[in-house]
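**Student:** Can you read through this structure? Questions will come right after.
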C-alpha cells in the first residue's frame, strides 16, 4: 500500500509529520511530496525537506491514498495549485482510492466540489468557510473513500484510521500500542 | 521564555515537531538545535532541518528549558555526545532551569545520574534499561524542575505541561483549545 502526502509551505508540521510517521509505522509506503523543491518552512517554523518535489514523481496517480495536511497558509498554497486540483479530482473519481484531508485542508476539497452530498469534518473554526452542508463534529469522519479530520489534536486518530483502511485493524492496533494510545 | 530542543539524527520526528510547534504556540521562543549541521533524517524517515547546529549557538546555557525528544536511534546519538552530557548536567544543576525528556531520552538523564532519587517516566518498554528506581506509569511526570513523558501519544500532553511551566495555565489552556484538545 502506498500513500502520497502533499507538503505545502506553511503546512501544519504536526499534522504532516504525524501522517508520514504513523502511516510508515503501519507498513505503508509513504511519499511526502513538496509543492516546491527543497526545504519548506511549516506553519510554526519547523523546516521539513520533502522526500521529493511533486514534479519529480514519475506519476502521482498510482497511490492508494492521497492525503492533505492542514495549516492555513499551507492550505492556501494547496488551493492555488492546479496540480493539487487535478489530483484531488482524480483520487475522488477513481474507485478504490482513498482521499484524506485534515484541519483546513477540507477547504481544498470543498473548493473543487468534492464535499457536496458528503459527510465530513474540518477545523471547527473554519466550518463557516465551507459551502457544503454535511459538516460533522466527530474528530474523524469517514464517508466511503473520503476521510476527514479536525486538527493537530485529532491527527494521530486520523492517521490511525488511515492505517486501518489501508492495512487493517491488526496493523492499526499494533501501531496504536507502539504510540502508547 | 526560551526553550532549546536538541535534534539528533534518528530522533522521533513526531516528538521533536510536537515540542517545537506546541511550545511556539505557547509564545515560547524555541531553538531546535541539531547535533550535526544540515538536514537530519528522523526515525521514520522524515527529514528535518534544525534551526541551526548546536555548535553555532553563541551559548546553549541561557535557555529556560532544555528538552530532549526521544526515538531510540536519536537517543543513542544523544548518549554518545559529550556536549549533551555537559548541557543536561548544567541544566539539572542550575536553579530555575527546566529539564525535559520524553520516550527513550530519559535514558540520557539516567546515564548521567540525573534520575537518582527522582520520580520520572519513559517509554514503558525501556523501563528495564533505566537504573534509577523512581519510574512512574503516568504519561507526564513532574519532579521539581525535571519533567518526563512516555512517547508519541503523550507528546502533546508533555509539550502542554511545559507550556504551563514556562508560560502559565492560561497559555496552556489557550494552546490546548487551538489544538482541539
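Residue numbers (this note's numbering), protein chains in the order written: chain A, 5 to 185; chain B, 5 to 185. The C-beta atom is built at its ideal place from N, Cα and C for all residues, glycine as well. Please read these numbers as outputs of a predicted model, since none were measured by experiment.
#1: In terms of residue numbering, what span does the beta strand (DSSP E) encompassing residue 82 (chain B) cover?
#2: Go ahead and label residue 41 (chain B) buried or exposed: buried means 16 or more other beta carbons lie within 10 angstroms of its beta carbon, across all protein chains shown.
#3: To be precise: take each residue of the region 8-31 of chain B, compare its Cβ to all Cβ atoms of chain C, and keep it if any distance is under 7 Å. Which residues remain?
#4: Determine the extent of the beta strand (DSSP E) in which residue 61 (chain B) is found, giving its start and end residues.
#5: Tell me the rounded alpha-carbon separation between residue 15 (chain B) and residue 144 (chain A).
#6: Taking the Cβ atom as the reference point for each residue, do residue 155 (chain A) and residue 166 (chain B) lie within a distance shorter than 8 Å?
#7: Just the C-alpha distance for residue 33 (chain A) and residue 71 (chain A), rounded to the nearest angstrom, thanks.
#8: Can you tell me which of the three DSSP states residue 153 (chain A) falls into?
#9: Please confirm whether residue 6 (chain B) and residue 67 (chain B) have their CB atoms less than 8 Å apart.
#10: Taking residue 116 (chain B) as the reference, which of B:136, B:62, B:38 has the closest Cα?
#11: What span of residues does the alpha helix (DSSP H) with residue 167 (chain B) cover, start to end?
#12: Which one of A:36, A:49, A:89, A:94 has the shortest CA to CA distance from residue 4 (chain A)?
#13: So what does DSSP say about residue 7 (chain B), is it helix, strand or coil?
#14: Going by DSSP, which residues form a beta bridge with residue 236 (chain B)?
#15: Enumerate in chain order the residues of its own chain whose CB-to-CB distance from residue 175 (chain B) is below 7 Å, with the five nearest sequence positions on each side excluded.
#16: How would you list, in chain order, the residues of chain B whose beta-carbon sits under 8 Å from the beta-carbon of residue 48 (chain A)?
#17: For the region 83-152 of chain B, list the alpha helix (DSSP H) runs that are entirely contained and at least 4 residues long, ordered along the chain.
#18: Please check if any C-beta of chain B sits within less than 8 Å of the C-beta of residue 98 (chain A).
#19: Between the alpha carbons of residue 26 (chain B) and residue 93 (chain A), how many angstroms are there, rounded?
#20: Cβ-heavy atom distance between residue 128 (chain B) and the ligand GDP below 7 Å?
#21: Got a sec: is the Cβ-Cβ distance from residue 6 (chain B) to anything in chain A below 8 Å?
#22: Show which residues of chain B have a CB atom less than 7 Å away from the CB atom of residue 155 (chain A).
#23: Which of the three DSSP states, helix, strand or coil, is assigned to residue 69 (chain B)?
**Tutor:** Based on what the coordinates show:
#1: Run containing residue 82 (chain B): none in the beta strand (DSSP E); it sits in the alpha helix (DSSP H), 76-83.
#2: exposed
#3: Looking for chain C here will not work: the only protein chains present are A and B.
#4: Segment: none, residue 61 (chain B) is in no beta strand (DSSP E) and carries neither H nor E.
#5: 28 Å
#6: It is not a contact, given that the beta carbons lie outside the stated cut-off.
#7: 13 Å
#8: strand
#9: Against a cut-off of 8 Å, the Cβ pair of residue 67 (chain B) and residue 6 (chain B) comes out as a contact.
#10: B:136
#11: From DSSP, the alpha helix (DSSP H) with residue 167 (chain B) extends over 159-171.
#12: With chain A represented from 5 up to 185, any question about residue 4 (chain A) goes unanswered, as that position is not in the structure.
#13: strand
#14: Outside the displayed span of chain B (5 to 185) sits residue 236 (chain B), for which this structure offers no information.
#15: 30, 31, 167
#16: 24, 25, 28, 29
#17: 86-97, 110-115, all fully within the region 83-152 of chain B.
#18: no
#19: Those two C-alpha atoms are separated by around 33 Å.
#20: The ligand GDP is not among the ligands present in this structure, which contains no ligands whatsoever.
#21: no
#22: 183, 184
#23: strand
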